[in-house]
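K.L.:
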Amino acid sequence: MIPLRIAGRRFWLWGLVFSLASAAVICNSPNVAFVDFPQFWAAGRTVGSPDLLDPARHGAWEVLHGIILDFFPYPPATAWLFAPFAAFSLPVGFWLHALAMTALVGIGGILGARLYGLDDRVGMMGAFAWGPCMASVSFGQNAPLGLVFALLAIEGLRRDSYVLAGLGVGLLLYKPTLAIPLLGLMLLRRRWRALGVAAVVGCGWYVLSVGATAGDWAWPGQFVAGLGDWYHRTTAFNPAKATSISGVLIGYGAPAIVAWGISLAVVILSIPRLLKAPMVEAGAGACLLGLAVSPHSLNYEAVLALPAILWMLGGTGAGISEPARTRLIVAVYVAGLAHLISTWAGLSSVGVAVLALTAIWISGWQRFETTPGSPADPAPAQMISVPLPSPPRPQGRRNFVFRMRVGRDRHAVVRHNRCRIARGRQGHDPRPRLDGAGQSGHLAGEADRHGSLAGARG
Numbered sequence: 040m041i042p043l044r045i046a047g048r049r050f051w052l053w054g055l056v057f058s059l060a061s062a063a064v065i066c067n068s069p070n071v072a073f074v075d076f077p078q079f080w081a082a083g084r085t086v087g088s089p090d091l092l093d094p095a096r097h098g099a100w101e102v103l104h105g106i107i108l109d110f111f112p113y114p115p116a117t118a119w120l121f122a123p124f125a126a127f128s129l130p131v132g133f134w135l136h137a138l139a140m141t142a143l144v145g146i147g148g149i150l151g152a153r154l155y156g157l158d159d160r161v162g163m164m165g166a167f168a169w170g171p172c173m174a175s176v177s178f179g180q181n182a183p184l185g186l187v188f189a190l191l192a193i194e195g196l197r198r199d200s201y202v203l204a205g206l207g208v209g210l211l212l213y214k215p216t217l218a219i220p221l222l223g224l225m226l227l228r229r230r231w232r233a234l235g236v237a238a239v240v241g242c243g244w245y246v247l248s249v250g251a252t253a254g255d256w257a258w259p260g261q262f263v264a265g266l267g268d269w270y271h272r273t274t275a276f277n278p279a280k281a282t283s284i285s286g287v288l289i290g291y292g293a294p295a296i297v298a299w300g301i302s303l304a305v306v307i308l309s310i311p312r313l314l315k316a317p318m319v320e321a322g323a324g325a326c327l328l329g330l331a332v333s334p335h336s337l338n339y340e341a342v343l344a345l346p347a348i349l350w351m352l353g354g355t356g357a358g359i360s361e362p363a364r365t366r367l368i369v370a371v372y373v374a375g376l377a378h379l380i381s382t383w384a385g386l387s388s389v390g391v392a393v394l395a396l397t398a399i400w401i402s403g404w405q406r407f408e409t410t411p412g413s414p415a416d417p418a419p420a421q422m423i424s425v426p427l428p429s430p431p432r433p434q435g436r437r438n439f440v441f442r443m444r445v446g447r448d449r450h451a452v453v454r455h456n457r458c459r460i461a462r463g464r465q466g467h468d469p470r471p472r473l474d475g476a477g478q479s480g481h482l483a484g485e486a487d488r489h490g491s492l493a494g495a496r497g
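Following this note's numbering, the numbering of the sequence shown begins with 40 at its first residue and continues without gaps.
#1: To which residues of the same chain is Ala377 closer than 6 Å at the C-beta, ignoring the five residues directly before and after it?
#2: So within the region 200-239, which uninterrupted alpha helix (DSSP H) runs reach at least 4 residues, ignoring any that extend past its ends?
#3: Could you check the C-alpha separation between Ala341 and Ile380 for me, to the nearest Å?
#4: CA-CA distance, Ala325 and Arg364?
#5: Three-state secondary structure (DSSP) at Leu337?
#6: If you count every other CB in all the chains shown that lies within 10 Å of the CB of Gly475, and 16 or more means buried, which is it?
#7: Return the CA-CA distance between Gly254 and Ala331, expressed in angstroms with no decimal places.
#8: Does DSSP classify Val56 as helix, strand or coil?
#9: If distances are taken between C-alpha atoms only, which option among Pro130, Val391, Arg84 comes closest to Ala344?
#10: Since I believe Ala166 is in contact with Ser61 (beta carbons under 8 Å), could you give me their beta-carbon distance rounded to a whole number of angstroms?
#11: Compare the beta carbon distance of Gly207 and Glu194 with 9 Å and say whether it is the shorter of the two.
#12: Looking at C-beta atoms only, is the number of pairs between the region 110-117 and the region 265-281 that lie closer than 8 Å three or more?
#13: From the DSSP output, in three-state form, read off Ala257 for me.
#14: Between the alpha carbons of Ile219 and Gly329, how many angstroms are there, rounded?
#15: To the nearest whole angstrom, what separates the beta carbons of Tyr213 and Pro334, a pair I think is in contact under 8 Å?
#16: By DSSP, does Ala281 sit in helix, in strand, or in coil?
#17: At the level of alpha carbons, what is the spacing between Ala293 and Ala395?
#18: Can you tell me the Cα-Cα spacing of Leu224 and Ala182, whole angstroms?
#19: Does the count of Cβ pairs from the region 273-290 and the region 114-132 closer than 8 Å reach three?
#20: Candidates Arg197, Tyr201, Met140, Trp400: which alpha carbon is nearest Val187's?
#21: Which of helix, strand or coil does DSSP assign to Glu361?
#22: Measure the C-alpha to C-alpha separation of Ala192 and Leu52 and round it to an integer number of angstroms.
#23: Give the secondary structure of Met163 by DSSP, where H, G and I count as helix, E and B as strand, and everything else as coil.
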């Protein structure tokens, strides 16, 4: 089922065109020295030695191997993830890494589809057609890994599974700026046990980082100092590719206090939505908010906007009436592909889309009641009684159909029950009683034990 007001053939055709156009960028990666991948390859090569964290030693290693000097802005333990790719030459490692990240884009599309009530094929098409997903692959980045971890965390929050939620957010600490928004959401929603699980996973990252730095238990001090210098250099370095408020404003000369003040105001304005929205919506909104207020967020990191896009694509609670919703989603996908040329204008089209979606989500623009039984439906099942029509004959046997919806299940459970109605006594109400007395009351009780009584007809 196509969730937009677009003909099925057009949906699949344009989705394929957008996907191929996004993926085609990777063909140019060898011509630009594999973009960012050499930094991860160098980290994978130096993991387990003092050359990873020490700036002077790491820089010397990079110069020796002909790699552009740069700081590794991840916890040292993250370098273990790239060690398998660093076991090969730089070109071979890049293509193997690209295959792995492409597979994660597909997995993220399937997870997002199941989370937001879409067909798996629609979810995969939505993921591959969203330009930043394949841009991350082409640039040698790893945002698709963060997408999978974020979706696992949101799924855990939806199920109220503190283990899955904490594990997803804890694994997302491989890049702390991606994990902070979901950690904040769990704090606001008082998911203490999930936070505890995330803290345990965080301790695991710390221990693995000790091994990655050849036994340096005091690695956080040196890492934070280097990270601060790196953010100071890079926040204003790429304003034409930035998706965050601070990246754009500081990059074009605005005072830092103004940029951070606006970011803080956006966070404060988002708190009511984070507190009251259904969990699947709040999780998508938290990821979107993180992109908007991050100190360093470029086009490829907008992969984390995909949960919000799939949430709107599913139509379950997006709050925008048709045809405005279809037009908005099409515009977002066009902006996701236009980042390839929008940087020439000095402003990222992806950044415009991210900031616009953030504003729409926080404002709750044109919100309406969600479809009952949808994944975004926060309302519990309620009992609805439908009056039964009077029987056409004074005596006889009637069939009654009890339709029950159990919890938030999207599928109705239909049970057919037969009951005999005794009639003949003058003044007796020929309709069955649903107040717990007699045969009909017994059936009503059975319905209540399974969920809610949605109705009955003779």
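From the three backbone atoms N, C-alpha and C, an ideal C-beta is built for every residue, glycine too.
Nothing here was measured: the structure is a model prediction, and the numbers come from that model.
P.N.:
Considering the structure as presented:
#1: Ser388
#2: 201-211, 215-227
#3: 16 Å
#4: 21 Å
#5: The answer is strand: DSSP assigns Leu337 an E or B state.
#6: Only weak support exists for where Gly475 lies, its pLDDT of 40 falling under 50; the value from the coordinates is given anyway. Counting other Cβ atoms within 10 Å of its Cβ, Gly475 stays below 16 and is therefore classed as exposed.
#7: For the pair Gly254 and Ala331, the Cα-to-Cα distance works out to about 36 Å.
#8: helix
#9: Val391
#10: About 10 Å separates the Cβ atoms of Ser61 and Ala166, ruling out a contact at the 8 Å cut-off.
#11: yes
#12: yes
#13: coil
#14: 8 Å
#15: Not confirmed; about 17 Å, so no contact.
#16: strand
#17: Between Ala293 and Ala395, the C-alpha separation is close to 20 Å.
#18: Their Cα atoms are separated by approximately 20 Å.
#19: no
#20: Per the Cα distances, Met140.
#21: The three-state secondary structure of Glu361, taken from DSSP, is coil.
#22: 32 Å
#23: Correct three-state label for Met163: helix.
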